[in-house]
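Mapping of the sequence shown onto the numbering used here: position 281 corresponds to residue 262, and the numbering continues sequentially without gaps.
Yeah, the Cβ is synthetic: ideal placement off N, Cα and C, and Gly gets one too.
Quick caveat, the model's predicted, so the values are computed rather than measured.
See structure below.
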Amino acid sequence: MAALITGYYIEKDYIKKFENLSEEISNKNEDSFSWYHLNVLETEAKDWLKEKSGLSEIVIKELISEETRPRVLKDEDGILLNLRGLNLNPDSDEEDMVSLHMWIEPGRIITTRSERVFTIDDIDQSYQRGNGPRSTADFLIRVLDGVIDRISDYIYDIEEQIDEMEEEVLTAERAKLRSMISEKRREAVIIRRYIVPQRESMARLYKEKIGWLDEDDKEYVYEFSNRSIRQIEELDTIRDRAALVQEELNNKINDQMNRTMYILSIVGSIFLPLGFLTGLFGINIGGMPGTESGAAFGIFSVLMLVIIGIEYWLFKRNDWI
């Protein structure tokens, strides 16, 4: 894969796609900007950032990092923003969130990633259709909106699955239900681990004084921060609900085991004296009793039935069955 995944020069209604990193267009006015989306696994991308981007060392280090926590860093009139988005790549777990690094300054945006980020793909496709963000602030808002929307949809899916599990605990017997509940709790914990610092980054971004981010744009950032708070609260609720469902399932399994053990105890209590009598009358010391009488077996069988009846009466009387 090439170092430049995609890139554009945008000026009002004019959009030009970059074919490689050697293409650079000096911005003609404040309404224009260039966007470079790089694959940091490629050496060419790292070399371009270090030698030709003109960025500070700390910004470059963050942009070429494959794994970082969500954060925001202001450097003069530009901002560095690290985000985490759902991993929607094939054969991947969604909760193993992918990193997206962004450098935004007047006239230029640089985004980097090591794994595919579908929110960026959406923006790329919108530019191919002749649409897409027309300013750096609009670009930032579009990215935040795409990342948060996908996380919200994922959380909603988890909530629906927890609803189904609650019904299954009450109405169905499923051997895999316990592991499924544990898996959903694990997913909620992992997602929450990234959303908390991401929410803090958005809150800090809202407070920063950035020339190209006006008050209307900041209101969007503030709303995204609030949505992240709600996501955290929903994940906490999912975790608690999953714990309650698991507790209910454990109680149900324990009750079933106790009933089984109780039935086995009743059966054992009934047959214990019968086993003692059959063993006693079957002992072959000096001859077995009753072998010379043809009615002995019938009498012995009636005796055992009487004993069973007495035991049943005793169990009933003491509310054991």
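Could you give the DSSP three-state label for residue i: helix, strand or coil?
| i | result |
| --- | --- |
| Ser15 | strand |
| Met285 | helix |
| Ser206 | helix |
| Ile251 | helix |
| Met83 | strand |
| Lys(-2) | strand |
| Ser246 | helix |
| Gly192 | coil |
| Gly113 | coil |
| Ser133 | helix |
| Asn299 | coil |
| Asp197 | helix |
| Glu140 | helix |
| Asp126 | helix |
| Asp72 | coil |
| Glu5 | coil |
| Ala276 | coil |
Provide the residue span of the alpha helix (DSSP H) that contains residue i, from first to last.
| i | result |
| --- | --- |
| Asp102 | 99 to 109 |
| Thr49 | No alpha helix (DSSP H) contains Thr49, which DSSP labels as neither H nor E. |
| Thr173 | At residue 173 the sequence reads Arg, which differs from the Thr that was named. Arg173 -> alpha helix (DSSP H) spans 158 to 188. |
| Leu30 | 24 to 32 |
| Leu36 | Taken as a continuous stretch (DSSP letters only), Leu36 belongs to no alpha helix (DSSP H), as it is neither H nor E. |
Checking the sheet assignment: what are the DSSP bridge partners for residue i?
| i | result |
| --- | --- |
| Asp56 | Gly59 |
| Leu(-15) | Leu19 |
| Gly66 | Val79 |
| Tyr293 | None, per the DSSP bridge assignment. |
| Tyr(-10) | Lys(-3), Ser15 |
Excluding the 5 residues preceding and the 5 following residue i in the sequence, name in chain order all residues of the same chain whose CB lies nearer than 7 angstroms to its CB.
| i | result |
| --- | --- |
| Leu22 | Ser95 |
| Ile210 | Arg180 |
| Glu75 | Leu67, Asn68, Leu69, Tyr135 |
| Glu48 | Ser80 |
| Gly127 | Thr100, Asp103 |
| Met146 | Leu158, Met161, Ile162, Val226 |
| Lys31 | Ile41 |
| Thr241 | none |
| Ser73 | none |
Excluding sequence positions up to five away, which residues of its chain have a Cβ less than 8 angstroms from the Cβ of residue i?
| i | result |
| --- | --- |
| Asp58 | Glu86, Pro87, Ile191, Gly192, Trp193 |
| Ile288 | Pro254, Leu255, Leu258 |
| Tyr328 | No statement about residue 328 is possible, as the shown extent of the chain runs from -18 to 302 and does not include it. |
| Lys(-7) | Asp12, Ser13, Arg115 |
| Arg208 | Ile129, Ser133 |
By the DSSP assignment, the beta strand (DSSP E) with residue i in it spans what residues?
| i | result |
| --- | --- |
| Ile90 | 89 to 94 |
Note down, in chain order, each residue of its chain lying with its Cβ closer than 6 angstroms to the Cβ of residue i, except the 5 sequence neighbours on either side.
| i | result |
| --- | --- |
| Leu36 | none |
| Arg97 | Asn70 |
| Pro178 | Arg50, Pro51 |
| Glu229 | Val150 |
| Phe205 | Leu125, Ile129, Met183 |
| Ile189 | As written in the sequence, residue 189 is Glu, which differs from the Ile given in the question. The residues are Lys55. |
| Asp77 | Asn68 |
| Met83 | Leu62, Thr92 |
| Leu286 | none |
- Any contact of the stretch 23 to 41 with the stretch 96 to 110, i.e. 3+ C-beta pairs under 8 angstroms? no
- Query: On the three-pair Cβ rule with 8 angstroms, is the stretch 155 to 169 touching the stretch 199 to 208?
  - Reply: no
- Message: Check whether the stretch 212 to 222 and the stretch 126 to 143 touch, using three or more Cβ-Cβ pairs below 8 angstroms as the test.
- Response: yes
- Message: Below 8 angstroms, how does it come out for the stretch 106 to 120 and the stretch 9 to 26: are there three or more Cβ pairs, yes or no?
- Response: yes
- Message: Assess contact between the stretch 15 to 30 and the stretch -8 to 6, defined as three or more Cβ pairs (one per stretch) separated by less than 8 angstroms. Is contact present?
- Response: yes
- Task: Kindly confirm or deny that the stretch 67 to 75 and the stretch 42 to 57 touch, where touching means at least three C-beta pairs closer than 8 angstroms.
- Result: no
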